[in-house]
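Enquirer: Got a structure for you, questions after.
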Ligand code: NAP
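In the numbering used here, the protein residues as written are 349 to 660.
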């Protein structure tokens, strides 16, 4: 790594920035947090701007982390890339697949790094699960991503608006682990999406994916879960069932715990910032659109169902 820290700014100071980005950046000597751009929020001791335009005009920066809702990322990302900054995109990387493809082309044109982060892939169990799966014959997969939207997304109006993804906002985390672990490409073969009658995004979804070899992946996504979260993936194989648990933090095989590197509070985001520093140093981008494409395809193929109105 180069000796002087990468001068970084954050755009969109909200829940994930306070919970994960700020502590991860503070503990990483590769980065120095120089500024934030956020309409209402700021970070103590850090230069604060209301918008990215004034921040880019006034601050000497090397990189920006874009953490506002996905519907509002493209314009900011385009501006940052065009002014020669490396760009980190929170998940999901954008509101559409094409806009992120355009950003990738812009990053190449301006010789800077673009990083589509998928934090759940850095869960403590994921690398071990992927390595184990390489030696097993996969027969079927059950992906269950269920949580209480009132507990996990209070007041997040953007998540219910078009492009906010609804239940796929957390669900894409499970899909990002799935696409990381599978050796074959997966496709959407059937999708049923349930939309509250007063909302533009689904509260629940059942998606059947298939691999090229016809292996079925049953995806069950639900935001109406009341009794604790279920962030699980079960891989049924010729030798037994491998279970990813707790959103990627734990692993079992045939009911027995599998030893994985210890889960730490900021482990996923620490790994994200290590990777961001690495790709900047290498002069490359890290762009993977597979999870977002599968979600987009679920919307394309969906049978839509109307369910009771949702109020917080
Ligand atoms: P959030 O708490 O709603 O924060 C997003 C921030 O973006 C807001 O506080 C807001 O700050 C800014 N913003 C800019 N334009 C906005 C607009 N038009 N509407 C609403 N906010 C706008 O959301 P979050 O939970 O941090 O999630 C942000 C992104 O991180 C999402 O893509 C999400 O999927 C991802 N993520 C979230 C979590 C989590 O646990 N929450 C985990 C991993 C990833 P100002 O009002 O100051 O501009």
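Beta carbons: idealized from backbone N, C-alpha and C, even for Gly.
Counting only the same chain and skipping the five closest in sequence on each side, list residues whose C-beta sits under 7 Å from that of residue 473.
Expert: If we look at residue 473 and ignore the five residues flanking it on each side, its Cβ neighbours are 592, 596, 597, 598, 599, 608.
Enquirer: Does the ligand NAP have even one heavy atom less than 6 Å from the beta-carbon of residue 364?
Expert: Indeed, a heavy atom of the ligand NAP lies less than 6 Å from the Cβ.
Enquirer: Counting along the chain, where does the beta strand (DSSP E) carrying residue 464 start and finish?
Expert: Segment 462 to 464, the beta strand (DSSP E) holding residue 464.
Enquirer: Taking only three categories from DSSP, how would you classify residue 632?
Expert: Three-state DSSP puts residue 632 in coil, outside helix and strand.
Enquirer: Roughly how many angstroms separate the alpha carbons of residue 384 and residue 444, rounded to a whole number?
Expert: When rounded, the distance between both Cα atoms is 25 Å.
Enquirer: Looking at residue 382 and residue 413, is the spacing between their C-beta atoms short of 7 Å?
Expert: No, they are not a contact pair.
Enquirer: Work out the CA separation of residue 441 and residue 487 for me, nearest whole Å.
Expert: Spanning the two alpha carbons is a distance of roughly 31 Å.
Enquirer: Within its chain, find whatever has a CB closer than 7 Å to the CB of residue 654; leave out the 5 residues flanking it on each side and keep chain order.
Expert: The residues are 543, 545.
Enquirer: Can you list the beta strand (DSSP E) stretches of 3 or more residues lying completely in the stretch 454 to 496, in chain order?
Expert: You should have 462 to 464, 486 to 494.
Enquirer: Cα separation between residue 625 and residue 455?
Expert: When rounded, the distance between both Cα atoms is 16 Å.
Enquirer: Can you name, in chain order, every residue of its own chain whose Cβ lies under 8 Å from the Cβ of residue 552, other than the five neighbours on each side?
Expert: For residue 552, where only same-chain residues beyond five positions count, the Cβ hits under 8 Å are 515, 541, 542, 569, 570, 571, 572, 655.
Enquirer: Closest to residue 590 by C-alpha separation, out of 559, 397, 450, 604, would be which residue?
Expert: When only C-alpha atoms are compared, the closest one is 604.
Enquirer: Rounded to whole angstroms, how far is the Cβ of residue 536 from the Cβ of residue 645, which I believe are closer than 8 Å?
Expert: About 4 Å; that satisfies the 8 Å criterion.
Enquirer: With the cut-off set at 7 Å, would you say residue 471 and residue 493 are in Cβ contact?
Expert: Result no, Cβ atoms of residue 471 and residue 493 do not sit closer than 7 Å.
Enquirer: Can you tell me the Cα-Cα spacing of residue 641 and residue 531, whole angstroms?
Expert: Looking at the two C-alpha atoms, the distance is approximately 17 Å.
Enquirer: Roughly how many whole angstroms lie between the Cα atoms of residue 630 and residue 578?
Expert: C-alpha separation (whole angstroms): 38 Å.
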